[in-house]
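Start counting at 1 in the sequence shown, then tack on 144, and there's your number in our numbering. To start, the structure under review is shown below, and the notes come after it.
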Amino acid sequence: MLKPHPTVLRRLVEEYEALVASRTAGGPGVRDARIGDLAYTLCVSTGTRDVRHALGTAHRWLAAAGPSTVPVPPGEPDPVVPTSGADRWSTDAGAPAPA
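Have a look at this one:
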């Protein structure tokens with residue numbers, strides 16, 4: 145099984161845990177959708193089917209990776225995981241974006 149880079153995994157875990165901690169008692173919204181997306185991504189990234197198991201696995205992998213990984217500075221876009229626009233599909237090979 146392929147493992148995610150520790151920096152990417154750390155970013156996913158930190159974002160998921162921050163959103164869950166700050167969730168309010170309001171109705172479903174964008175935040176809940178993002179939490180669901182992060183939970184799914186964590187499960188796929190760790191080869192698990194439950195976000196609790198995914199978080200446990202991620203924390204074990206991050207502990208084994210040690211503190212040597214450098215996180216992306218806050219406020220800057222993540223160069224590894226583009227989120228929107230043409231950058232989502234761009235590659236160094238210059239392949240065209242899917243239609």
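Glycine included, C-beta positions come from ideal geometry on N, C-alpha and C.
Q | Option nearest E159 by Cα separation, candidates D181, P148, M145 | A | Numbered from 1 along the sequence shown, position 15 holds the residue referred to as residue 159. It is D181.
**Q.** Cutoff 7 Å; reference L153; Cβ partners in own chain excluding five residues on either side
**A.** In the sequence shown, the residue the question calls residue 153 occupies position 9. Result list for L153: S189, A202, W205, L206, in chain order.
Q: Express the C-alpha separation of E161 and G210 in angstroms, rounding to a whole number.
A: Start at 1 with the first residue of the sequence shown, and residue 210 comes out as number 66. Start at 1 with the first residue of the sequence shown, and residue 161 comes out as number 17. Taking the straight line from one Cα to the other gives about 19 Å.
Q: Please confirm whether L186 and A198 have their CB atoms less than 9 Å apart.
A: Taking the first residue of the sequence shown as position 1, residue 186 is located at position 42. Taking the first residue of the sequence shown as position 1, residue 198 is located at position 54. Going by C-beta atoms, L186 is nearer than 9 Å to A198.
(Q) In the DSSP assignment, the alpha helix (DSSP H) including G246 goes from what residue to what residue? (A) Absent from the model: residue 246. The displayed extent of the chain is 145 to 243, so no value can be given.
Q. Ordered along the chain, which non-local residues of its own chain (more than five positions away) have a Cβ less than 6 Å from that of M145?
A. Stepping through the sequence shown from its first residue, residue 145 is reached at position 1. Same-chain partners within the cutoff: G191.
Q: In the DSSP assignment, find the unbroken alpha helix (DSSP H) run with G210 in it and report its ends.
A: Start at 1 with the first residue of the sequence shown, and residue 210 comes out as number 66. Counting along the chain, G210 falls outside any alpha helix (DSSP H), and DSSP gives it neither H nor E.
**Q.** Collapsed DSSP secondary structure at R232 in the structure displayed
**A.** Indexing the sequence shown from 1 puts residue 232 at position 88. With a pLDDT of only 47 at R232, under the threshold of 50, the placement of this residue in the model should not be trusted; the figure read from the coordinates follows. Helix.
**Q.** Option nearest Y184 by Cα separation, candidates L156, V174, S166
**A.** In the sequence shown, the residue the question calls residue 184 occupies position 40. Measuring from the Cα of Y184, the nearest candidate turns out to be L156.
Q. In three-state terms, what does DSSP make of H149?
A. Start at 1 with the first residue of the sequence shown, and residue 149 comes out as number 5. Coil.
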